[in-house]
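Just below is one structure, and these are the notes that go with it.
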Amino acid sequence: GTGLAGDLLPVLVNDLSRFINGYQFITSSATRNRGGASVGGVGFLLSPRAQRSLLSVTKVSPRVLVLTANGNPKVTVVCCYAPTNCNEDGDKDRFYRSVHQALREVPAHNMLAVCGDFNARFTEDGPTDNGDRLTAIAEQYRLVICNRMFQKPVSKVWTYEDPHRGRHQLDFIPRTLR
C-alpha cells in the first residue's frame, strides 16, 4: 500500500511518502542532470487535518506535483519548481508544458493555487524569460499572482538572496479568485 489515508487514496506518486511526527511528507524526487546535479524535486508537508481532506496527489513531472483536497469548493494546489532563467529553452519549455498539463486537468469549480519557485523576476527593465512565461500562464488560466499585489517596498518582498547580486523575489503564488 501507499501508507496514505488508510491505503484508500489513489496516489500516483511513488517517489516518497513518509510520516514525520504525524505530518505526512509527499515528494516528487529530483532527477540528476548530465553533470550529476539534482534537478527539480517538489513536495507537500501535510498536517493530520490536511491528510483527512486529501483526495489525490499526482506527479506530473519531477518539477510539478498536484494535490487535490476536499472542501467547498474542492482545492487544488500545484507545487512547482521552474528551471532557472539561464537554463536551456528546451528545459523551460518542458517545465511549462507540464504546468499547462496540470492546469488543464483542474476542474473549473475547484479553487486553484499554483505555488512554487518560478525563478521569475519582474524588474523595472521588465520581466525575465520566466517572468514572461509565468505571466502568460496567469493570463491563460485567469490567475492572479497574489504576492505581486503586496503594497510593500521591494526590499520587503524578497524570497531569494544572491550573495553577489542582492535580494530578489523568485517565488510566486498565482491563484483563482473564486
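Everything in the sequence shown is counted per my numbering, starting at 1119 for the first residue and increasing by one. Backbone N, C-alpha and C define an ideal beta-carbon position, used for all residues, glycine too.
message = Is the beta carbon of residue 1201 closer than 8 Å to that of residue 1213?
response = In the sequence shown, counting from the first residue as 1, residue 1213 sits at position 95. In the sequence shown, counting from the first residue as 1, residue 1201 sits at position 83. Closer than 8 Å, so yes.
key: DSSP three-state assignment for residue 1120, whether helix, strand or coil   = Sequence index remark: in the sequence shown, residue 1120 carries index 2 (1-based). Reliability of the predicted coordinates at residue 1120 is poor, the pLDDT of 34 falling under 50, and no value is obtained from them.
request  = Determine which residues share a DSSP beta bridge with residue 1331 and list them.
outcome  = No information on residue 1331 is available, as it lies outside the stretch 1119 to 1296 that the chain covers here.
request  = Leaving out five residues on either side along the sequence, give the residues of the same chain with a beta carbon under 6 Å from the beta carbon of residue 1221.
outcome  = Within the sequence shown, numbered from 1, the residue matching residue 1221 stands at position 103. So the qualifying residues of the chain are 1259.
message = By alpha-carbon positions, which one of 1183, 1253, 1193 ends up nearest to residue 1173?
response = Working through the sequence shown from its first residue, we reach residue 1173 at position 55. The option with the nearest alpha carbon to residue 1173 is 1193.
ask   = Can you tell me the Cα-Cα spacing of residue 1140 and residue 1197, whole angstroms?
value = On the sequence shown, residue 1140 is found 22 positions in, with the first residue counted as 1. On the sequence shown, residue 1197 is found 79 positions in, with the first residue counted as 1. Each residue's alpha carbon lies about 21 Å from the other.
request  = Inspect the beta-carbon positions of residue 1175 and residue 1144 and report whether they are closer than 8 Å.
outcome  = The sequence position of residue 1175 within the sequence shown is 57, counting from 1. The sequence position of residue 1144 within the sequence shown is 26, counting from 1. It is a contact, given that the beta carbons lie within the stated cut-off.
ask   = To which residues of the same chain is residue 1249 closer than 6 Å at the C-beta, ignoring the five residues directly before and after it?
value = Locating residue 1249 in the sequence shown gives position 131, counting from the first residue. So the list reads 1238, 1239, 1240, once near-sequence residues are dropped.
ask   = Secondary structure at residue 1191, three-state DSSP: helix, strand or coil?
value = Counting from 1 along the sequence shown, the entry for residue 1191 is found at position 73. Residue state, collapsed to three classes: coil.
query = By Cβ distance, which residues of its chain are closer than 6 Å to residue 1185, with the 5 residues on each side in sequence left out?
reply = Position 67 of the sequence shown, counted from the start, is the residue given in the question as residue 1185. Excluding positions up to five away in sequence, the list reads 1162, 1175, 1195.
ask   = How big is the Cα-Cα spacing for residue 1294 and residue 1210?
value = Within the sequence shown, residue 1294 is the residue found at index 176, counting from 1. Within the sequence shown, residue 1210 is the residue found at index 92, counting from 1. Taking the straight line joining both Cα atoms gives about 23 Å.
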